[in-house]
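A.B. asks: Once you've had a glance at the structure underneath, I'll fire off some questions.
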Amino acid sequence: MFGIGVLGIISQVEVETIVTADAMLFGAVELPADRVPQRTTLRLSDGYETSVYVHRPPGRTGEPDARPVLYVHGIQSHPGWFVGSAAHLADSGRAVFQVTRRGSGDNHRNRGHAASAEQLLDDTAAAVRFVTQQTGCGSVHLVGVSWGGKLLACFAATRHDSPVASLTLIAPGLVPRVDVSGWTKAGIALSLLIAPKKRFEIPLNDVALFTDNEPMRQYLRDDPLRLLWATAGFFWATRGLDVMLSRAGDGAIAVPTTVFVAGRDRIIDNVASGRLVERLTGGRAAVRQFDAAHTLEFEPDAHPFYEALVAALPAGESTV
């Protein structure tokens, strides 16, 4: 149980966790008042409404390529974890859209649930359309962290008609080192038949897996929006993404791709993930390794990562 001031008491093990707070109230870094992103709503194809946090460039032209960024978080996280890097990208002259995955972050409906891998990919397509409509740009840069990197890699490998300018994967959860137990997998399989919204613990609840930085470990312990449980349907959807990636052809990801690797990652199998990226991109991905734990954003000095992230997005002459 968590005591959360005005939110009252929230139980992470209830069937539906009621979350009504703005994710930026629980951001990993505090932004100046004039740099706090605008919260808006994206209506997905099945009517589900999810929050999107929009960072606008602070009144300057920025880079020649002003294509916007769609920023996708991980399995337990929410946009507040990555507000620092999102704001830094916006400072470089790009609009940044941090979309909240259905059932996570400040979304209270169907906590931790997704019906299928295709639904998650359709949600991503809806977010891409939302960004292009909001900005008038014909293509977007995709940035995904951890599990969000898996989702975006699958999107780039399978949805080739989507207007994607580049793909940046941050400690991508392509091949995890951490998994649920065999007994839990059996329970998930059984629940898929009779109760697909039955929830199971996400095996990442030890905050030491994410960072060695004690202040950020405490931030994670105190974060009421962190998703600790997911449904059988969500775990099955994640497995579906894995299957799609395994079946994607060599070179299936054709867009310019950059991968940031955490050298001290306790969550991701960097070697196996690297082999998969090499195959999917035909060896064209640029790879940079940091001496850091899984969440690069949480290092004591995140600015080298921020600068590398800005530099990773290709420059160009046009936004269309």
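All residue numbers for the sequence shown refer to the working numbering, where the first residue is 39 and numbers rise by one.
We put the CB at the ideal spot given by N, CA and C, even for glycine.
Predicted model, so just to flag it, every value in this text is computed and none were measured.
Buried or exposed: where does V107 fall if 16 or more other Cβ atoms within 10 Å of its Cβ makes it buried?
C.D. replies: buried
A.B. asks: Do you know how far the Cα of L334 is from the Cα of V67?
C.D. replies: 14 Å
A.B. asks: State buried or exposed for G113, treating a residue as buried only when at least 16 other CB atoms are found within 10 Å of its CB.
C.D. replies: The sequence given here places Ile at residue 113; Gly does not occur at that position. A residue is called buried when at least 16 other Cβ atoms come within 10 angstroms of its Cβ; I113 meets this threshold and is buried.
A.B. asks: For P338, which of helix, strand or coil comes out of DSSP?
C.D. replies: coil
A.B. asks: What runs of the beta strand (DSSP E), each 3 residues or longer, lie entirely inside the stretch 203-288?
C.D. replies: Positions of the beta strand (DSSP E) runs, each at least 3 residues long and wholly inside the stretch 203-288, are given as 237-239, 267-269 in order along the chain.
A.B. asks: For S89, list the residues DSSP reports as bridge partners.
C.D. replies: Bridge partners of S89: T79.
A.B. asks: Identify which residue in F64, A331, G211, G287 has its Cα closest to the Cα of N251.
C.D. replies: A331
A.B. asks: For the candidate residues G187, S130, R105, whose alpha-carbon lies nearest to that of G211?
C.D. replies: G187
A.B. asks: Would R264 pass as a contact of H116 if the rule is Cβ separation under 9 Å?
C.D. replies: yes
A.B. asks: How many Å lie between D261 and C192 at the Cα?
C.D. replies: 29 Å
A.B. asks: Can you tell which of R313, A300, V293 has its C-alpha closest to the C-alpha of L351?
C.D. replies: V293
A.B. asks: Between which two residues does the beta strand (DSSP E) containing G187 stretch?
C.D. replies: It is not in any beta strand (DSSP E) - G187 instead sits in the alpha helix (DSSP H) that spans 185-196.
A.B. asks: For R326, name the three-state secondary structure that DSSP assigns.
C.D. replies: strand
A.B. asks: Can you list, in chain order, the residues of its chain whose CB lies under 7 Å from that of D161, leaving out five sequence neighbours each side?
C.D. replies: L82, R140
A.B. asks: If I'm right that R132 touches R167 with Cβ under 8 Å, what's the distance once you round it to whole angstroms?
C.D. replies: Rounded, the Cβ-Cβ distance is 18 Å, inconsistent with contact.
A.B. asks: Report buried or exposed for I232, applying the criterion of at least 16 other Cβ atoms within 10 angstroms of its Cβ.
C.D. replies: exposed
A.B. asks: Ordered along the chain, which non-local residues of its own chain (more than five positions away) have a Cβ less than 7 Å from that of T99?
C.D. replies: Any reading at T99 must be qualified, since the residue scores a pLDDT of 48, below 50, and its modelled position is unreliable; the value itself is stated next. If we look at T99 and ignore the five residues flanking it on each side, its Cβ neighbours are G131.
A.B. asks: Mind checking who L159 pairs with in its DSSP beta bridge?
C.D. replies: Looking at the DSSP assignment, L159 forms no beta bridge with any residue, so it has no partner.
A.B. asks: What is the DSSP secondary structure of H146, counted as helix, strand or coil?
C.D. replies: coil
A.B. asks: Using 8 Å as the threshold, is the stretch 211-231 in touch with the stretch 272-285, meaning 3 or more CB pairs across them?
C.D. replies: Result yes; three or more Cβ-Cβ pairs closer than 8 Å.
A.B. asks: Rounded to whole angstroms, what is the Cα-Cα separation between D288 and T319?
C.D. replies: 7 Å
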